[in-house]
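Below is one structure, written out as structure tokens; the observations come after it.
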Amino acid sequence: MNVDKELDARGLNCPLPILKTKKSLADMTPGQVLKVVSTDPGSIKDMQAFANQTGNALVSSTEEKGEYVFLMQKK
Amino acid sequence: MKKMAIIATKGTLDMAYPPFILASTAAALGYEVQVFFTFYGLQLLRKDLSDVKISPLANPAMPMPVPMPVLVQVLPGMETMATMMMKDKLKKKGVASLEELRTVCQEADVKFIACQMTVDLFEFDKNDFISGIEYGGAAMFMEFAGETDICLFV
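Just so you know, the sequences run in chain order A and B. For what it's worth, this note's numbering labels the leading residue of the first sequence as 620, then goes sequentially. For what it's worth, this note's numbering labels the leading residue of the second sequence as 246, then goes sequentially.
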């Protein structure tokens, strides 16, 4: 899947990964994909909850070498 | 649109976080949010938040690097030291500062309401507060709170 924008949320703790994800999505167009990389283990459930409540699609949620990688498609 | 209302009554560093974290997150999730600041919570609306501190005294659950007897906690400068250590820890762990969260709230149109009665009671100077806030009373808050999905007292 093509990634249109990346957000480095490494080292940030709750609720910053969510707040910055929201901000990053704001200037994207519907259908575009945002890649978020986080080191906060709490962000796994938070990103899913963010997607459920905002209607943006969490296309994938994976872990790579202690980092959490999310692909979020803008509604 | 879902709505959330928070009443913020505390002016310490530890108790300042929950209202700002929840308000900013709810706003990011699309909620319409109002926070009503009353009594010591009004300190959180000051431009300068350096007086918002944490005290180890009467706060026995606060994790300390070394156990500290109450008689030591009352010594001058302990509160400043505890505040410095806590802010340092927050920064190291990547937790946003209060100022940062407050700014996010304002950018996301979270409405901050300062309790007019408390402003009068403690003779606060409105010039010390950040701009973009409203002043109101209990009835004004109830009008919004009565329609909310989530209503919290902090």
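Glycine included, C-beta positions come from ideal geometry on N, C-alpha and C.
Cβ separation of residue i and residue j, assumed to be a contact under 8 Å, to the nearest whole Å
| i | j | result |
| --- | --- | --- |
| A/Val622 | A/Lys664 | Not really, about 22 Å apart at Cβ, beyond 8 Å. |
| A/Ala628 | A/Val656 | 6 Å |
| B/Lys292 | B/Thr257 | 18 Å between Cβ atoms; not a contact. |
| A/Ser642 | A/Gly674 | Note on residue identity: the sequence assigns Lys, not Ser, to residue 642 of chain A. Rounded, the Cβ-Cβ distance is 17 Å, inconsistent with contact. |
Residue i versus residue j: straight-line alpha-carbon distance, rounded
| i | j | result |
| --- | --- | --- |
| A/Phe570 | B/Ile251 | Only positions 620 to 694 of chain A appear in this structure, which leaves residue 570 of chain A out of reach. |
| B/Lys255 | B/Thr363 | 13 Å |
| B/Ser295 | B/Thr325 | 10 Å |
| A/Cys633 | A/Gly661 | 7 Å |
| B/Glu388 | B/Asp365 | 22 Å |
| B/Met260 | B/Met307 | 12 Å |
| B/Gly377 | B/Ala359 | 11 Å |
| A/Leu677 | A/Ala670 | 6 Å |
| B/Met385 | B/Met323 | 40 Å |
| B/Gly382 | B/Ser269 | 23 Å |
| B/Leu346 | B/Phe265 | 6 Å |
| A/Glu682 | A/Thr658 | 10 Å |
| B/Ala343 | B/Pro312 | Residue 343 of chain B is actually Leu in this sequence, not Ala. If I take the Cα positions, the gap works out to 27 Å. |
Helix, strand or coil at residue i according to DSSP, with G and I counted as helix
| i | result |
| --- | --- |
| B/Tyr380 | strand |
| B/Arg291 | strand |
| B/Ile358 | strand |
| B/Tyr276 | coil |
Listed by chain order, chain B residues near residue i by CB distance under 8 Å
| i | result |
| --- | --- |
| A/Lys624 | In chain order: nothing, as chain B lies at least about 17 Å away. |
| A/Phe689 | Under the 8 Å cutoff, chain B gives no residues; its nearest Cβ is about 15 Å from A/Phe689. |
7 Å Cβ cut-off: residues of chain D touching residue i
| i | result |
| --- | --- |
| B/Lys338 | Although the question refers to chain D, the structure presented lacks it and instead comprises the protein chains A and B. |
Closer than 8 Å at the beta carbon, the chain A residues around residue i
| i | result |
| --- | --- |
| B/Thr270 | Pro634, Ile637, Leu638 |
Within chain A, the residues that residue i reaches when beta carbons sit closer than 7 Å
| i | result |
| --- | --- |
| B/Val349 | Leu638 |
| B/Ala341 | Leu635 |
| task | Would you check if the region 263–279 of chain B and the region 318–338 of chain B touch, i.e. whether three or more CB-CB distances between them fall below 8 Å? | result | No: the two stretches stay apart, fewer than three of their Cβ pairs being nearer than 8 Å.
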